[in-house]
Amino acid sequence: MYKGDTHVHSCFSMDSNEELEKIFERAIELGFDEITITDHMDCEEREEDDYFVFNIEDYLKTLNAYKQKYKGKLKIKIGMELGIQPHTHKRFEEILKSDCYDFLIGSSHAVDGLDSSLSALYKRFKNKDELHRRYFEIILENIEKYDGINTYGHLDYIRRYGGAYFPDHKKVDLELHKDLIDKILKKLIEKKIGLEVNTSGIRYGVGDFHPCREIIARYKELGGEIITIGSDAHKASDIGKDFDSARELLKSLGFKYFCVFTNRKPEFKEL
0 MYKGDTHVHS CFSMDSNEEL EKIFERAIEL GFDEITITDH MDCEEREEDD YFVFNIEDYL
60 KTLNAYKQKY KGKLKIKIGM ELGIQPHTHK RFEEILKSDC YDFLIGSSHA VDGLDSSLSA
120 LYKRFKNKDE LHRRYFEIIL ENIEKYDGIN TYGHLDYIRR YGGAYFPDHK KVDLELHKDL
180 IDKILKKLIE KKIGLEVNTS GIRYGVGDFH PCREIIARYK ELGGEIITIG SDAHKASDIG
240 KDFDSARELL KSLGFKYFCV FTNRKPEFKE L
């Protein structure tokens with residue numbers, strides 16, 4: 000059974016201080032064939048407002064050196080998690096066109112410029128349904144606007160936050176938003192963008208993966224095939240967490256393969 004984690008953060012991310020060597024040694028300890036480092040690059044419209052960014056030249060130099068160091072022991076893939084928004088598209092153009100990366104995750108961490116962890120965001124909406132609707136509208140706009148991303152990360156990430164304002168925030172009303180979610184999934188399939196099964200929802204107390212089982216099942220029903228599995232680990236000890244459960248879920252829904260990426264091309268591996 001091929002083992003790879005396609006969503007891992009290191010000390011290059013503003014919200015992690017994990018050393019790369021610890022990540023790679025942990026992956027080897029777990030018997031992983033490969034690991035993809037996908038540190039946060041959340042560009043704002045103006046460069047002076049950037050916070051979740053890092054020096055790309057240093058990043059590439061460091062990871063390419065580790066690729067050589069671990070050659071024959073562990074495949075190290077170079078990726079990024081891009082925190083995309085419709086109005087920041089131009090800031091990502093150079094990365095999206097680059098041939099330096101194996102894998103690019105597109106993720107939505109913000110709604111209309113406000114990060115999902117900020118209380119100011121939740122004060123803008125009357126209830127969670129309005130917020131969730133707007134969140135999914137932005138995802139659809141992102142998918143339509145951005146070319147070059149390989150998978151969409153934690154599609155219902157918005158469930159993770161907002162408990163102080165909306166007690167039932169962890170559950171998306173799938174019937175209410177069915178039309179919009181279907182448009183998103185169909186657009187992913189049309190543009191050959193994968194759907195990430197992000198196992199961090201379990202660790203963060205959401206009670207399910209991101210996205211939830213029902214959305215993954217609907218993706219399959221609509222003909223989706225490109226599935227990536229990522230732990231969203233910000234420390235070495237979380238690499239591969241709950242992957243066995245993710246694999247079993249995917250198999251129960253009729254999936255036979257998951258994908259890893261090399262040079263931005265999917266490689267299908269048996270579950």
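Sequential numbering from 0 applies to the sequence shown in numbering that gives the first Met the number 0. Glycine is no exception: its CB is placed at the ideal position from the N, C-alpha and C atoms.
DSSP beta-bridge partners of residue i
| i | result |
| --- | --- |
| Cys-258 | Phe-267 |
| His-209 | Asn-197 |
| Ile-75 | Ile-34 |
| Asp-243 | Paired residues: none, contrary to the question. |
| Glu-220 | DSSP lists no partner for Glu-220. |
| Gly-82 | Ser-106 |
| His-39 | Glu-80 |
For residue i, the first and last residue of its enclosing beta strand (DSSP E)
| i | result |
| --- | --- |
| Leu-194 | 193-197 |
| Phe-102 | 102-106 |
| His-6 | 3-7 |
| Ile-228 | 226-229 |
Distance, residue j Cα to residue i Cα
| i | j | result |
| --- | --- | --- |
| Ile-188 | Lys-268 | 19 Å |
| Pro-85 | Ser-12 | 22 Å |
| Ile-157 | Ile-180 | 14 Å |
| Ile-226 | Asp-38 | 20 Å |
| Phe-260 | Gly-147 | 13 Å |
| Leu-175 | Phe-31 | 40 Å |
| Asp-49 | Met-40 | 9 Å |
| Ile-36 | Glu-44 | 25 Å |
| Asp-114 | Glu-220 | 32 Å |
| Cys-42 | Tyr-160 | 21 Å |
| Ile-214 | Asp-98 | 31 Å |
| Val-7 | Tyr-1 | 17 Å |
| Tyr-256 | Glu-47 | 42 Å |
| Arg-246 | Ile-77 | 23 Å |
| Arg-202 | Cys-211 | 14 Å |
| Thr-61 | Gln-67 | 10 Å |
| Glu-33 | Gly-3 | 5 Å |
| Leu-139 | Tyr-145 | 10 Å |
| Arg-123 | Asn-141 | 21 Å |
| Asp-172 | Lys-89 | 33 Å |
| His-131 | Leu-270 | 31 Å |
| Gly-162 | His-168 | 6 Å |
beta-carbon residue i near the ligand ZN non-hydrogen atom, thresh 7 Å
| i | result |
| --- | --- |
| Leu-248 | The model on display carries no ligand, and the ligand ZN is accordingly not part of it. |
Span of the alpha helix (DSSP H), counted from its first residue to its last, around residue i
| i | result |
| --- | --- |
| Thr-61 | 55-68 |
| Arg-133 | 127-144 |
| Ala-119 | 118-121 |
| Arg-45 | No alpha helix (DSSP H) holds Arg-45; DSSP gives it neither H nor E. |
| Glu-17 | Here Glu-17 belongs to no alpha helix (DSSP H), and DSSP marks it neither H nor E. |
| Lys-96 | 92-96 |
Contact with chain B by residue i, beta-carbon distance below 8 Å
| i | result |
| --- | --- |
| Lys-144 | This model lacks chain B altogether, as it is built from one protein chain only. |
At least 3 beta-carbon pairs within less than 8 Å: the region 242-261 vs the region 119-132
no
I want to know whether the region 41-58 touches the region 17-29 - three or more CB-CB distances under 8 Å.
no
Quick test of the definition: if touching needs 3 or more C-beta pairs under 8 Å, does the region 94-112 touch the region 146-154?
yes
Report yes or no: do three or more beta-carbon pairs, one from the region 61-73 and one from the region 26-37, lie closer than 8 Å?
yes
Inspect the CB distances between the region 189-207 and the region 219-233 and report whether three or more fall short of 8 Å.
yes
What are the complete alpha helix (DSSP H) segments, minimum 4 residues, inside the region 149-204?
177-189 and 199-202
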